[in-house]
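Heads up: the sequence shown begins at 0 in numbering that gives the first Met the number 0, then just goes up one per residue.
Below you'll find the structure, written out as structure tokens, and then a few comments.
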Amino acid sequence: MEPIRSLGHAPRCATRAGRSLTVAVLIVLGALLAATRLPASSARAQGDACVTSQERTVFPRQVELGQTVDVTMRFRASCPDQASPFHLVFVVDGSGSMAGQRLERVRAVLGDLIEALELPAHPGTRIGLVSFSDAPSTLCQLTNDSDRLTACLLGLGASGGGATDLGILEGIEVLRQGRDPEPGPSAVEVLLLLTDGANLEGCEPVEVAARQAKSQGILLLTICLSEVCDRACMRGVASSARYFLPDLDAAILTDLCLRVRDTAASTTPLTQIVVTDRVPPNLRYVEGSAQPSAGWDPGTRTLTWRRSRLPAEGLTYTFAIEPLELGTHPSSLEARLRYVDGHNVPGGVDFPIEDLNVIAGAPTPTPQPQPALLGGLDVDAPRLDIGQHAGLSYALDFALPEPPADTHLALVLDESGSMAGASMEKLVEGAGRMLDRLAPIVPAGRFAGAVVAFKSSARSICPLTGSFPMLRACVARLSAAGGTAIDAGLDEGLSMLAAGRPWDGGEDLVLFSDGANNQGCPPVLAAADRVKAEGVVLHAVCLGAACDEVCLQAAASSPRHYFKVDQAADLPDAFAGIAEDLIARRGVESVELGLRLPDHLRLLPGSFSIPPDRQDEAAASWSLSRLPAGGLRLDFEVEALEAGVGTVVIEARVARLGDTTLHDLRRSPPIEVPGLATPPTPTGVAPGETPAATPTDRQPPPRATPPPGTLYLPLLLSESCPSGPTDLVLVVDGSLSMGERFGAQGSKLDAAREGARSLIARLGPNLRVALVAFDVEARLLEPFTPDAAALGAALDRIELRSGSAIDAGIDRAREALLASDRRDAVDGLIVLISDGRALESDAEAAIAAANRARAYKLEIHVVGLGREVDAPTLRAVAGSPERYRRVEDAAGALAVLDQLGRDIACPVPGRWGGR
Numbered sequence: 000m001e002p003i004r005s006l007g008h009a010p011r012c013a014t015r016a017g018r019s020l021t022v023a024v025l026i027v028l029g030a031l032l033a034a035t036r037l038p039a040s041s042a043r044a045q046g047d048a049c050v051t052s053q054e055r056t057v058f059p060r061q062v063e064l065g066q067t068v069d070v071t072m073r074f075r076a077s078c079p080d081q082a083s084p085f086h087l088v089f090v091v092d093g094s095g096s097m098a099g100q101r102l103e104r105v106r107a108v109l110g111d112l113i114e115a116l117e118l119p120a121h122p123g124t125r126i127g128l129v130s131f132s133d134a135p136s137t138l139c140q141l142t143n144d145s146d147r148l149t150a151c152l153l154g155l156g157a158s159g160g161g162a163t164d165l166g167i168l169e170g171i172e173v174l175r176q177g178r179d180p181e182p183g184p185s186a187v188e189v190l191l192l193l194t195d196g197a198n199l200e201g202c203e204p205v206e207v208a209a210r211q212a213k214s215q216g217i218l219l220l221t222i223c224l225s226e227v228c229d230r231a232c233m234r235g236v237a238s239s240a241r242y243f244l245p246d247l248d249a250a251i252l253t254d255l256c257l258r259v260r261d262t263a264a265s266t267t268p269l270t271q272i273v274v275t276d277r278v279p280p281n282l283r284y285v286e287g288s289a290q291p292s293a294g295w296d297p298g299t300r301t302l303t304w305r306r307s308r309l310p311a312e313g314l315t316y317t318f319a320i321e322p323l324e325l326g327t328h329p330s331s332l333e334a335r336l337r338y339v340d341g342h343n344v345p346g347g348v349d350f351p352i353e354d355l356n357v358i359a360g361a362p363t364p365t366p367q368p369q370p371a372l373l374g375g376l377d378v379d380a381p382r383l384d385i386g387q388h389a390g391l392s393y394a395l396d397f398a399l400p401e402p403p404a405d406t407h408l409a410l411v412l413d414e415s416g417s418m419a420g421a422s423m424e425k426l427v428e429g430a431g432r433m434l435d436r437l438a439p440i441v442p443a444g445r446f447a448g449a450v451v452a453f454k455s456s457a458r459s460i461c462p463l464t465g466s467f468p469m470l471r472a473c474v475a476r477l478s479a480a481g482g483t484a485i486d487a488g489l490d491e492g493l494s495m496l497a498a499g500r501p502w503d504g505g506e507d508l509v510l511f512s513d514g515a516n517n518q519g520c521p522p523v524l525a526a527a528d529r530v531k532a533e534g535v536v537l538h539a540v541c542l543g544a545a546c547d548e549v550c551l552q553a554a555a556s557s558p559r560h561y562f563k564v565d566q567a568a569d570l571p572d573a574f575a576g577i578a579e580d581l582i583a584r585r586g587v588e589s590v591e592l593g594l595r596l597p598d599h600l601r602l603l604p605g606s607f608s609i610p611p612d613r614q615d616e617a618a619a620s621w622s623l624s625r626l627p628a629g630g631l632r633l634d635f636e637v638e639a640l641e642a643g644v645g646t647v648v649i650e651a652r653v654a655r656l657g658d659t660t661l662h663d664l665r666r667s668p669p670i671e672v673p674g675l676a677t678p679p680t681p682t683g684v685a686p687g688e689t690p691a692a693t694p695t696d697r698q699p700p701p702r703a704t705p706p707p708g709t710l711y712l713p714l715l716l717s718e719s720c721p722s723g724p725t726d727l728v729l730v731v732d733g734s735l736s737m738g739e740r741f742g743a744q745g746s747k748l749d750a751a752r753e754g755a756r757s758l759i760a761r762l763g764p765n766l767r768v769a770l771v772a773f774d775v776e777a778r779l780l781e782p783f784t785p786d787a788a789a790l791g792a793a794l795d796r797i798e799l800r801s802g803s804a805i806d807a808g809i810d811r812a813r814e815a816l817l818a819s820d821r822r823d824a825v826d827g828l829i830v831l832i833s834d835g836r837a838l839e840s841d842a843e844a845a846i847a848a849a850n851r852a853r854a855y856k857l858e859i860h861v862v863g864l865g866r867e868v869d870a871p872t873l874r875a876v877a878g879s880p881e882r883y884r885r886v887e888d889a890a891g892a893l894a895v896l897d898q899l900g901r902d903i904a905c906p907v908p909g910r911w912g913g914r
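Structure (structure tokens):
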């Protein structure tokens with residue numbers, strides 16, 4: 000049966016209060032493949048549907064000629080019948096030490112977990128059971144049958160030793176056999192490992208088996224069942240610290256499994272998203288205004304955004320237009336979103352289009368100054384002898400207009416029943432510490448705070464007030480009882496802030512919770528969107544293992560505004576950190592600094608006023624979460640090593656919340672070292688007498704004076720970009736971890752795609768590019784071509800799959816660069832973009848593949864995405880520090896890859912005779 004391919008063109012059917020139109024569309028996704036082609040456990044009913052909502056708003060609706068208009072497009076989708084299946088395998092220690100009450104308790108807890116997962120109501124949930132002692136044994140393949148699983152639990156025994164690594168490998172095999180070969184959403188796979196001891200062969204084989212599981216995208220939960228359990232090993236092999244339980248806590252285990260499954264159910268399976276907006280001829284698109292960045296085709300007057308997958312929170316795109324003539328006009332010729340659903344059936348929707356009323360008005364206002372960076376890099380001694388030190392001072396701050404430093408603040412605090420006791424005490428202490436930090440800083444009349452509490456519903460304890468004693472008293476009135484209505488708390492907090500408008504300062508909302516929302520995460524994200532849409536910065540504090548970490552992280556304004564607190568005792572420090580944010584430069588998401596020295600100088604360890612994250616003798620770098628009030632000042636010292644002259648360079652990248660990244664580069668005055676210093680004659684030494692050597696920790700070893708040689712100076716030097724042809728292979732990670740959220744919007748893969756497009760756009764006509772994608776294996780998606788459009792289409796074809804074999808990706812690139820159809824006199828480059836996690840092969844294999852490529856004079860550049868990259872491995876793959884770059888968000892990836900494209904197209908001159 001051919002699927003019904005329906006494009007959902009929807010009429011305008013509802014008008015929201017205000018300026019926007021909202022349309023809810025039921026898109027019939029088509030008849031599915033016959034059930035006979037699917038295993039019985041994954042058969043799908045016909046008539047599956049996604050419910051979508053889309054809006055396109057313009058503000059203001061009435062404008063004067065010459066003014067600009069902001070356009071916002073939002074799209075959300077819910078596909079309940081296409082949720083990802085949830086596959087869970089229990090891997091249970093069956094060694095002799097498990098006999099008796101310990102094994103009985105494991106049976107009871109796992110039986111309760113099976114019941115809590117409500118298998119009859121969730122046909123996509125399947126569970127398997129593996130036991131291990133000296134060897135592993137599969138007691139149950141994946142099944143949705145609760146009775147069968149109960150019988151399998153009775154088959155658990157206890158004898159022999161404990162080969163934990165073999166148990167993990169057996170669990171991986173059970174998950175592999177349960178994978179659906181037919182098209183559809185991939186299952187979320189989990190291994191739950193329970194053991195009471197140490198592995199027979201030590202922890203290393205367990206770590207190897209765990210890496211194999213993680214490389215396939217499998218989540219690994221580990222639980223210790225006794226005091227002699229190898230806790231360090233179990234904590235290390237878990238997918239993260241929050242997925243390690245030091246003892247068998249039934250409530251926490253059940254909550255963890257339910258939250259993982261709920262996350263899978265809330266993920267939308269829509270892929271290959273393409274959003275287009277055609278701008279009418281009587282409107283001008285303000286180039287560069289699209290956020291996130293979009294492709295602009297002047298010929299068709301079309302903006303285009305592409306995403307590989309629809310995130311759970313949906314999509315939001317904005318751009319600016321300027322009317323060119325008076326009258327009432329539609330704000331777009333056509334605005335459309337196209338996608339492919341989880342069953343590989345295409346679909347699409349049209350956005351409603353609002354009219355603009357353009358009137359005559361005052362002359363075009365003078366453009367307002369834009370935020371920019373200012374600063375300087377000074378040196379106290381520009382001329383040094385060898386062994387002498389110089390101090391340098393670096394300053395960084397915003398130029399005017401500066402974001403407002405004053406704020407209205409809403410504290411939205413959880414007072415549900417789970418907060419009773421120490422948690423409530425530390426919450427009150429933490430909120431008080433934040434207020435104490437703000438009180439002496441903010442001027443009278445430039446701050447007001449409100450306190451909102453929520454349990455099963457929300458209540459306002461304190462309206463906006465500038466009285467810090469009153470705010471402390473309101474916080475002290477918190478009580479602990481009832482459920483958790485986070486969304487209601489957010490809405491009440493927003494209404495408190497709205498009551499204080501008009502207001503020319505900033506607005507902040509601090510959300511705190513220790514649990515999950517009663518009605519699930521979607522209402523929380525919807526309420527958070529309402530908060531952020533009004534320009535309010537949302538800080539989220541998540542306490543303990545029961546808190547819905549994924550939901551609150553998505554609700555926060557950015558990853559920097561999310562705080563995970565494991566213990567209640569740490570709450571005061573978290574709230575103190577938020578106070579520092581409020582008094583720092585507003586609107587700054589992160590500050591990245593890179594320091595480089597010329598060859599004749601070295602950095603002095605321990606001389607930095609701000610300790611660097613990474614440093615060696617020639618370079619240092621910092622990743623800072625804020626720009627302090629009054630700007631940033633960095634002091635450090637350098638030492639003269641040898642004769643030479645050159646400048647110290649500091650590059651700054653300041654990411655602004657919801658805006659562009661600002662760049663700044665500062666050079667010190669030249670620092671000259673003329674040659675070997677003439678040491679003073681020590682006291683008490685007669686002229687002509689050789690003094691005894693005196694040890695010193697500041698004087699470098701004596702250096703031999705080189706013999707004089709011939710120096711050739713060029714009469715004329717002219718450098719230009721190389722004209723020789725070059726071939727480049729883009730090697731892009733397509734592993735499952737590349738689908739993780741990366742910055743305020745989008746995934747790591749989305750950032751890699753956009754950055755790769757920018758790099759390609761910078762290359763000249765003499766460069767051909769090929770594209771390789773890798774997961775558990777590597778594939779050549781596009782052979783060498785200068786066609787940017789073909790390469791862009793190939794980037795969109797990258798799909799997320801299990802595995803991350805970096806060595807296979809590099810080897811495939813090397814094979815392409817060494818193929819017989821390449822021109823002979825051609826340079827070869829490889830650019831690897833990866834999050835460097837969950838290697839299918841070990842680090843040594845990736846490094847060996849890179850060395851094989853370099854043996855053929857192929858140059859490798861590596862861009863690592865995120866904080867959790869395997870930096871040592873990726874740096875070794877690059878082969879030299881200057882060819883490895885790590886970024887922490889999409890803006891950073893775009894900037895680094897764009898600059899890399901410039902450098903490849905026209906390298907910066909290094910020295911005469913080479914680059």
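Cβ atoms here follow ideal geometry from the backbone N, Cα and C, with glycine treated the same way.
Point to revise | Buried/exposed call for alanine 359, threshold 16 Cβ in 10 Å | key: Position 360 of the sequence shown holds residue 359. Alanine 359 comes out exposed.
Point to revise | Exposure of phenylalanine 58, with buried meaning 16 or more beta-carbon neighbours within 10 Å | key: Along the sequence shown, read from residue 1 onward, the residue named residue 58 stands at position 59. Exposed: under 16 other Cβ atoms inside 10 Å.
Exercise for review: Label serine 331 either buried or exposed according to how many other C-beta atoms from any shown protein chain fall within 10 Å of its C-beta, with 16 as the threshold for buried.
Suggested key: Residue numbering aside, residue 331 sits at position 332 when the sequence shown is read from its first letter. That one is buried.
Review point. Once you ignore the five residues that flank valine 536 on each side, which residues in its own chain have a CB closer than 6 Å to its CB?
Key: Against the sequence shown, residue 536 aligns to sequence position 537. Contacts found: Asp507, Ser556.
**Study point:** N- and C-terminal bounds of the alpha helix (DSSP H) containing alanine 472
**Key:** Residue mapping note: residue 472 aligns to position 473 of the sequence shown, counting from 1. If you look at alanine 472, you'll find it in the alpha helix (DSSP H) that goes 467-474.
Exercise for review: Can you give me the Cβ contacts of aspartate 164 inside the same chain, cut-off strictly under 8 Å, excluding the 5 residues immediately before and after it?
Suggested key: Stepping through the sequence shown from its first residue, residue 164 is reached at position 165. For aspartate 164, same chain residues with a beta-carbon under 8 Å away, outside a window of 5 residues either side, are Asn198, Glu200, Pro204, Val205, Val207, Ala208 in chain order.
Exercise for review: Determine, using beta-carbon pairs with one atom in the stretch 781-799 and one in the stretch 727-737, whether at least three such pairs fall under 8 Å.
Suggested key: Touching, yes.
Review point. Which class does glycine 374 belong to by DSSP, given the choice of helix, strand or coil?
Key: As a working mapping, residue 374 is identified with position 375 in the sequence shown. Looking at glycine 374 - three-state DSSP - the assignment turns out to be strand.
Check your understanding: Run through DSSP, which three-state label would alanine 894 get?
Key -> Your numbering for residue 894 matches position 895 in the sequence shown. Note: alanine 894 maps to helix in three-state DSSP.
Point to revise | Distance between beta carbons of glycine 802 and aspartate 938, contact taken as under 8 Å | key: Outside the shown range of the chain, which is 0 to 914, sits residue 938, and nothing can be said about it.
Check your understanding: With C-beta atoms as the reference, is leucine 192 less than 8 Å away from leucine 219?
Key -> Within the sequence shown, residue 192 is the residue found at index 193, counting from 1. Within the sequence shown, residue 219 is the residue found at index 220, counting from 1. In this structure, leucine 219 lies closer than 8 Å to leucine 192 by Cβ.
Review point. Would lysine 531 be called buried (16 or more neighbouring beta carbons within 10 Å of its own) or exposed?
Key: What you label residue 531 is simply residue 532 of the sequence shown in a count that begins at 1. Counting the other CB atoms within 10 Å of its CB gives lysine 531 a total of 16 or more, which places it among the buried residues.
Practice item. Go ahead and label proline 135 buried or exposed: buried means 16 or more other beta carbons lie within 10 angstroms of its beta carbon, across all protein chains shown. Key: Locating residue 135 in the sequence shown gives position 136, counting from the first residue. Proline 135 comes out buried.
Check your understanding: If you draw a straight line from the C-alpha of phenylalanine 85 to the C-alpha of threonine 327, how long is it?
Key -> Residue numbering aside, residue 85 sits at position 86 when the sequence shown is read from its first letter. Residue numbering aside, residue 327 sits at position 328 when the sequence shown is read from its first letter. If I take the Cα positions, the gap works out to 52 Å.
Review point. Is the beta carbon of valine 917 sitting closer than 8 Å to the one on valine 648?
Key: Coverage of the chain is limited to positions 0 through 914, which leaves residue 917 absent and any answer about it impossible.
Review point. My guess is that glutamate 636 and alanine 380 are in contact by the Cβ rule of under 8 Å, so how many angstroms apart are they, rounded?
Key: In the sequence shown, the residue the question calls residue 636 occupies position 637. In the sequence shown, the residue the question calls residue 380 occupies position 381. Not really, about 10 Å apart at Cβ, beyond 8 Å.
Point to revise | Collapsed DSSP secondary structure at valine 173 in the structure displayed | key: Translated into positions along the sequence shown, residue 173 becomes position 174. Here valine 173 sits in helix by DSSP.
Check your understanding: Cα-Cα, which of Arg559, Ala619, Arg529, Gly161 is closest to alanine 98?
Key -> Within the sequence shown, residue 98 is the residue found at index 99, counting from 1. Taking only the C-alpha atoms, the option nearest alanine 98 is Gly161.
Practice item. Return the first residue and the last residue of the alpha helix (DSSP H) that glycine 863 is part of. Key: Here residue 863 refers to the residue found at position 864 when the sequence shown is read from its first residue. DSSP places glycine 863 in no alpha helix (DSSP H) but in the uninterrupted beta strand (DSSP E) bounded by 858-864.
Check your understanding: Which partner residues of cysteine 223 appear in the DSSP bridge assignment?
Key -> Your numbering for residue 223 matches position 224 in the sequence shown. BP columns for cysteine 223 point to Thr194.
Practice item. Report the residue from Val189, Leu87, Val70, Glu650 whose alpha carbon sits nearest the alpha carbon of aspartate 922. Key: With the chain running from 0 to 914 in the structure shown, residue 922 is simply not present.
Review point. With a cut-off of 8 Å, do at least 3 Cβ pairs link the stretch 597-610 to the stretch 564-581?
Key: Inter-segment contact for the stretch 597-610 and the stretch 564-581 is absent: fewer than three beta-carbon pairs are separated by less than 8 Å.
Practice item. Go to phenylalanine 574, then tell me how far its alpha helix (DSSP H) extends in each direction, as first and last residue. Key: Taking the first residue of the sequence shown as position 1, residue 574 is located at position 575. Following the DSSP letters along the chain, one finds phenylalanine 574 inside the alpha helix (DSSP H) bounded by residues 570-582.
Point to revise | Beta-ladder partner(s) of glutamine 614, from DSSP | key: As a working note, residue 614 is residue 615 in the sequence shown. In the DSSP assignment, glutamine 614 forms a beta bridge with Ala619.
Point to revise | Start-end ranges of the alpha helix (DSSP H) lying completely within the stretch 524-575, minimum 4 residues | key: The DSSP assignment places 548-554 as complete runs of the alpha helix (DSSP H) inside the stretch 524-575, in order along the chain (cut-off: 4 residues).
Point to revise | Proximity of glycine 481 and serine 415 at Cβ, strictly below 8 Å | key: Mapped onto the sequence shown, residue 481 falls at position 482. Mapped onto the sequence shown, residue 415 falls at position 416. Cβ atoms of glycine 481 and serine 415: closer than 8 Å.
Review point. Exposed or buried, what is aspartate 195 when buried is set at 16 or more other beta-carbons lying within 10 Å of its beta-carbon?
Key: Within the sequence shown, numbered from 1, the residue matching residue 195 stands at position 196. Flag for aspartate 195 reads buried.
Check your understanding: If you run the structure through DSSP and keep just helix, strand and coil, what is isoleucine 846?
Key -> Here residue 846 refers to the residue found at position 847 when the sequence shown is read from its first residue. In the structure shown, the three-state DSSP call for isoleucine 846 is helix.
**Study point:** Alpha-carbon spacing of phenylalanine 131 relative to glycine 763, whole angstroms
**Key:** Within the sequence shown, residue 131 is the residue found at index 132, counting from 1. Within the sequence shown, residue 763 is the residue found at index 764, counting from 1. Spanning the two alpha carbons is a distance of roughly 59 Å.
Check your understanding: Should the stretch 224-233 be called in touch with the stretch 88-104, which here means at least 3 C-beta pairs below 8 Å?
Key -> Yes, the stretch 224-233 touches the stretch 88-104.
Check your understanding: How about cysteine 49 and leucine 269: are their beta carbons less than 8 Å apart?
Key -> On the sequence shown, position 50 is the one that residue 49 refers to. On the sequence shown, position 270 is the one that residue 269 refers to. Yes; because the gap between Cβ atoms is below 8 Å, this pair is in contact.
Review point. Using the C-alpha atoms, what's the distance from glycine 429 back to aspartate 569?
Key: If you number the sequence shown from 1, residue 569 lands on position 570. If you number the sequence shown from 1, residue 429 lands on position 430. Cα to Cα, the separation comes out at about 9 Å.
Check your understanding: With 16 other CB atoms within 10 Å as the buried threshold, where does valine 907 fall?
Key -> Within the sequence shown, the letter at position 908 stands for residue 907. Confidence in valine 907 is poor, its pLDDT being 46 and thus under 50, which makes the residue's placement too unreliable to answer from.
Check your understanding: Out of Ala487, Leu496, Arg500, Gly534, which has the shortest C-alpha to C-alpha gap to glycine 931?
Key -> This structure gives no information on residue 931, because the portion of the chain shown stretches from 0 to 914.
Review point. Taking all protein chains shown into account, do 16 or more other C-beta atoms lie within 10 angstroms of the C-beta of serine 746, making it buried, or fewer, making it exposed?
Key: Numbered from 1 along the sequence shown, position 747 holds the residue referred to as residue 746. Classification of serine 746: buried, given that the 10 Å Cβ count is 16 or more.
Review point. For alanine 237, is the classification buried or exposed, using 16 other Cβ atoms within 10 angstroms of its Cβ as the cut-off for buried?
Key: Residue mapping note: residue 237 aligns to position 238 of the sequence shown, counting from 1. Flag for alanine 237 reads buried.
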